[in-house]
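**Q**
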Amino acid sequence: DVVAWGWNNEGQTDVPEDLEDVIAIAARQYTSLALTASGNVVAWGNNDVGQIDVPDGLTDVIAISAGYHHSLALTASGDVVAWGWNDDGQTDVPEDLEDVIAIAAGNRFSLALTASGDVVAWGRNIEGQTDVPDGLSDVIAIAAGFDHSLALTFSGDVVGWGLNDDGQTDYDGLSADVVAISAGGGHSLALIASGDVVAWGWNDDGQ
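Okay, so the sequence shown: first residue is 152 according to our numbering, each after it adds one.
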């Protein structure tokens, strides 16, 4: 079951009554997504630009990500499907993109991680958030913030790029063995193997 709470001005916490067998969830801005065990995507909340209009025929989904007014889905065949707001090309999935194993949606931009460990980015780029660093390889995880991007490499290093006005891409590298990453609006998080969390970036509200 999915339980939701908080601000509900657009119905983003109104979980559909018939929703069941959920294996993954994603939320951003005023939109919520759920992935069911059967590979279907269910969406609710604000829909002013079609961000909850799941494409007809979309099946075999294994991962979802909710961006700022757009949504991404990854299928079992390694294909990425995108829908919603597209003012900056954030739903224009590159035609040659294949063998994707992870996705991340940010503010009007999108990221994909391929099986070969490469990161592909598209959409809004006014802060360099889609300028994947040259030589970046062996990536095992990605995260998209508001206007910045993060990648975690096989060796446990965190690489950041894009907007850095509050140091959100400046990972100090002092904590080794990072196993997971997450990007917020203007801050970043890393989980290390010992179970500790490291955070950096914007901290005006203690985030």
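Built from N, CA and C at the ideal position, the CB exists for glycine as well.
Out of 200, 333, 284, point me to the one whose CA is closest to residue 219's CA.
**A** It is 200 whose Cα lies nearest to the Cα of residue 219.
**Q** In three-state DSSP terms, what is residue 264?
**A** In the structure shown, residue 264 sits in a strand (DSSP, three-state: E or B).
**Q** Residue 176 to residue 215, Cα distance in whole Å?
**A** When rounded, the distance between both Cα atoms is 7 Å.
**Q** I'd like the list of long-range same chain contacts for residue 260, defined as Cβ closer than 6 Å, with 5 residues on each side in sequence excluded.
**A** Excluding sequence neighbours, residue 260 sits near 241, 274, 275, 280, 281.
**Q** Between the Cα of residue 270 and the Cα atoms of 170, 288, 256, which residue gives the shortest distance?
**A** Out of 170, 288, 256, 288 has the C-alpha closest to the C-alpha of residue 270.
**Q** Run through DSSP, which three-state label would residue 344 get?
**A** Residue 344 falls in the coil class under three-state DSSP.
**Q** Excluding the 5 residues preceding and the 5 following residue 343 in the sequence, name in chain order all residues of the same chain whose CB lies nearer than 6 Å to its CB.
**A** Excluding residues within five positions, the ones whose Cβ falls inside 6 Å are 326, 328, 329.
**Q** Measuring only the C-alpha atoms, how far is residue 315 from residue 255?
**A** For residue 315 and residue 255, the distance between alpha carbons rounds to 19 Å.
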